[in-house]
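Visitor: Below are the structure tokens for one structure; questions will follow.
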Amino acid sequence: MSDLANGLRAEQHSAIVERPDVAVTHISARRGMLAGLNDAARAAFGVEFPLTPRALDAHGMTIVWAGPEQWLLIEPASKGVDPSLQHAKTFSGFASVVDVSDSRTIFQMAISRPSDVLVQSMGIDFEDTSFKPGDVAITHVSHLGVMVWRLPDGRGYEFACARTYTKDFRSWLDRF
Amino acid sequence: MRINCPFCGERGNDEFSYLGDASVVRPDASAPDAADAFYAFAYERRNVAGPTQELWYHSAGCHAWLVVTRDTRTHEISDVKPAQDIALERQNSASTTP
Ligand SMILES: [Zn+2]
Numbered sequence: 028m029s030d031l032a033n034g035l036r037a038e039q040h041s042a043i044v045e046r047p048d049v050a051v052t053h054i055s056a057r058r059g060m061l062a063g064l065n066d067a068a069r070a071a072f073g074v075e076f077p078l079t080p081r082a083l084d085a086h087g088m089t090i091v092w093a094g095p096e097q098w099l100l101i102e103p104a105s106k107g108v109d110p111s112l113q114h115a116k117t118f119s120g121f122a123s124v125v126d127v128s129d130s131r132t133i134f135q136m137a138i139s140r141p142s143d144v145l146v147q148s149m150g151i152d153f154e155d156t157s158f159k160p161g162d163v164a165i166t167h168v169s170h171l172g173v174m175v176w177r178l179p180d181g182r183g184y185e186f187a188c189a190r191t192y193t194k195d196f197r198s199w200l201d202r203f
Numbered sequence: 191m192r193i194n195c196p197f198c199g200e201r202g203n204d205e206f207s208y209l210g211d212a213s214v215v216r217p218d219a220s221a222p223d224a225a226d227a228f229y230a231f232a233y234e235r236r237n238v239a240g241p242t243q244e245l246w247y248h249s250a251g252c253h254a255w256l257v258v259t260r261d262t263r264t265h266e267i268s269d270v271k272p273a274q275d276i277a278l279e280r281q282n283s284a285s286t287t288p
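Chains as they are written, first to last, in the working numbering: chain A, 28 to 203; chain B, 191 to 288.
Laid out in structure tokens, this is it:
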């Protein structure tokens, strides 16, 4: 490996962090309740839930599409506070609301453009012009299920994996 | 083979699980010929050379059930729809026919 490649590798490697103290809430619309759910979201957050694989920043959190009529709400956690309780109140009757903070690990990769390794490593098109800020994909890497999104403000990428696979996914990420 | 998930976009077939024939419909359990109808529902399949409707599950993606129309001779996929939409279509057409 060239010095340049080694340098890039070191720089990118140091840019990967596991986000500590984040609360993750899974929202799943009840059948036929999408319109009401979005009315409640607009009133509470000023935005609607994205209906396509997109992520957006609103109300101090990132809202990430997580499948048809499902989303993850990712926000800073403070001790003793479970934000999912408030979300459950906000969306009562419109959605199932589950705190999944303990079952997901969120990794952040602070790179403004996709590295060559990233582009070649997953089965989705990571090219800069194809996977734009705010885009989301649910896919797998070496049989590990992951969600990946490009941060809406373009600062980098985030990955969510099942907490059980944190170590395995971390070692996969560390190849960068 | 690649499948164009209506939710996620085009993905490799390694992300999907094949679940079988999507054209079979669960019979009416109260019909007089229910036993024969259930036998056919469970065991009888046509071995079509041409376009078929298949159930696929986007297991390593968005977890949606899909109905894929695929030509068994060429593997060409002409249509992919959420299975939920197909089920609702069938329900509606069943409820409008007297
Ligand atoms: Zn999908």
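Backbone N, C-alpha and C fix where the C-beta goes; we use that ideal spot for every residue, glycine too.
Is it right to say residue 170(A) is buried, meaning 16 or more other beta carbons lie within 10 angstroms of its own, or is it exposed?
Guide: exposed
Visitor: Closer than 8 Å to a non-hydrogen atom of ligand 1 - does that hold for the CB of residue 197(B)?
Guide: Yes, ligand 1 has a heavy atom inside 8 Å of this Cβ.
Visitor: Quick one: Cα of residue 80(A) to Cα of residue 162(A), how far?
Guide: 6 Å
Visitor: Closer than 8 Å, Cβ to Cβ, to anything on chain A: give me those residues from the region 196 to 208 of chain B, in chain order.
Guide: 197, 198, 199, 201, 202, 204, 205
Visitor: Give me the Cα-Cα distance between residue 233(B) and residue 101(A), rounded to the nearest whole angstrom.
Guide: Rounded to whole angstroms, residue 233(B) to residue 101(A) spans 46 Å at the Cα level.
Visitor: Which word fits residue 108(A), buried or exposed, when buried means at least 16 other C-beta atoms lie within 10 angstroms of its C-beta?
Guide: exposed
Visitor: If the cut is a Cβ gap below 8 Å, which residues of chain B does residue 150(A) touch?
Guide: 201, 202, 204, 205
Visitor: Nearest by alpha-carbon distance to residue 186(A): which of 49(A), 52(A), 168(A), 176(A) is it?
Guide: 176(A)
Visitor: Beta strand (DSSP E) containing residue 303(B): first to last residue?
Guide: Given that chain B is displayed from residue 191 to residue 288, the structure contains no residue 303(B) and the question cannot be resolved.
Visitor: Give, in chain order, every residue of the region 243 to 260 of chain B whose Cβ lies closer than 7 Å to some Cβ of chain A.
Guide: 250, 251, 252, 253, 254
Visitor: Can you say whether residue 181(A) is buried or exposed, counting buried as having 16 or more other CB atoms within 10 angstroms of its CB?
Guide: exposed
Visitor: Answer with yes or no whether the minimum CB distance from residue 34(A) to chain B is below 9 Å.
Guide: Any answer about residue 34(A) is weak, because its pLDDT of 43 lies below 50 and its placement is not dependable; what the coordinates show is given next. By this cut-off, residue 34(A) is not an interface position.
Visitor: Report the residues of the region 167 to 184 of chain A with a CB closer than 7 Å to any CB of chain B, ordered along the chain.
Guide: Hits within the stretch, in order: 167, 172.
Visitor: Relative to ligand 1, is the shortest distance from any of its heavy atoms to the C-beta of residue 167(A) smaller than 8 Å?
Guide: no
Visitor: Drop a sphere of 10 angstroms on the beta-carbon of residue 201(B), count the other beta-carbons inside from all chains shown, and report buried for 16 or more, exposed for fewer.
Guide: Buried, by the Cβ-count rule.
Visitor: Starting from the C-beta of residue 114(A), find all residues in its chain whose C-beta is less than 6 Å away, skip the five residues before and the five after it, and write them out in chain order.
Guide: If we look at residue 114(A) and ignore the five residues flanking it on each side, its Cβ neighbours are 52, 124.
Visitor: I need the boundaries of the alpha helix (DSSP H) containing residue 285(A), first residue and last residue.
Guide: A query on residue 285(A) cannot be resolved here, the shown segment of chain A reaching from 28 to 203 and no further.
Visitor: With DSSP run on the structure shown, which of helix, strand or coil describes residue 276(B)?
Guide: DSSP, reduced to helix, strand and coil, places residue 276(B) within a helical segment of the structure shown.
Visitor: Determine the DSSP secondary structure at residue 108(A), reduced to helix, strand or coil.
Guide: coil
Visitor: Look at residue 94(A) and residue 231(B) and say whether their C-beta atoms are less than 9 Å apart.
Guide: no
Visitor: Under 8 Å from any heavy atom of ligand 1, does the C-beta of residue 254(B) make it?
Guide: Checking the Cβ of residue 254(B) against ligand 1 gives yes.
Visitor: Near residue 271(B), what residues of its chain come up, given a Cβ to Cβ distance below 6 Å and the 5 sequence neighbours on each side ignored?
Guide: 257
Visitor: Please report the distance separating the alpha-carbon of residue 122(A) from that of residue 283(B).
Guide: 29 Å
Visitor: By DSSP, does residue 75(A) sit in helix, in strand, or in coil?
Guide: Looking at residue 75(A) - three-state DSSP - the assignment turns out to be coil, as it is neither helix nor strand.
Visitor: Say whether the region 186 to 195 of chain A touches the region 123 to 138 of chain A, bearing in mind that this needs 3 or more beta-carbon pairs closer than 8 Å, one atom from each stretch.
Guide: yes
Visitor: Mind pulling the chain B residues with CB within less than 7 Å of residue 165(A)?
Guide: The contact set of residue 165(A) on chain B, defined by CB atoms closer than 7 Å, consists of 198, 251, 252 in chain order.
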